[in-house]
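Per the numbering used here, the sequence shown runs over residues 7 to 135.
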Amino acid sequence: MNKPAQRQGLLIDGLQKVEFTFDGREYEGVTGDTIASALAANDEWILSRSFKYHRPRGILTMAAQDANTLVQIGNDVSVFADRHPISEGLAVRAQNVSRSARRDSGFVMNRFSRFMPVGFYYRTFFKPK
7 MNKPAQRQGL LIDGLQKVEF TFDGREYEGV TGDTIASALA ANDEWILSRS
57 FKYHRPRGIL TMAAQDANTL VQIGNDVSVF ADRHPISEGL AVRAQNVSRS
107 ARRDSGFVMN RFSRFMPVGF YYRTFFKPK
């Protein structure tokens, strides 16, 4: 038996606007949006930074398991932005940043990235065999 295809966007109500903040800036979404989809609709793509080198991380799959979309909500860290729905007055912060996802002071590590290729720290201090 074939099942009829479900309509897309069943949870989203485009008529009800919801305001929330991300890194101190106000954004607007609609009821049923997730944090990630609302930020993408507002052209905000950097949601966090990598832990070690503070390289920008953003939305990759929207499959509700994307580690690039980890954010902080209140005291709750590592919340998946592509799972969590927005609500009125929700305050969201980027993760692994010192100021904001856009203006992170750890970005200076990018200037040294050509001297630190992938895996360099695993091979650098070994004696030759």
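By construction, the Cβ of each residue, glycine as well, lies at the ideal position given by its N, Cα and C atoms.
The beta carbon of D39 sits closer than 6 Å to the beta carbons of I92 from its chain, once the five residues preceding and following it are set aside; these are given in chain order. Secondary structure at A100: strand, using DSSP grouped into helix, strand and coil. The C-beta separation of R55 from Q78 comes to about 12 Å, leaving the pair out of contact by the 8 Å criterion.
Counting along the chain, S93 sits inside no beta strand (DSSP E), nor does DSSP assign it H or E at all. When D88, R89, E94 are compared, the shortest CA-CA separation from Q22 is found for E94. Annotated three-state conformation of S43 is helix, per DSSP.
I41 places its beta carbon 8 Å or farther from that of A69. In the three-state reduction of the DSSP assignment, T67 falls in the coil class.
Within 10 angstroms of the beta-carbon of F28 lie 16 or more other beta-carbons, which makes it buried. Around the beta-carbon of V83, fewer than 16 other beta-carbon atoms lie within 10 Å, marking it exposed.
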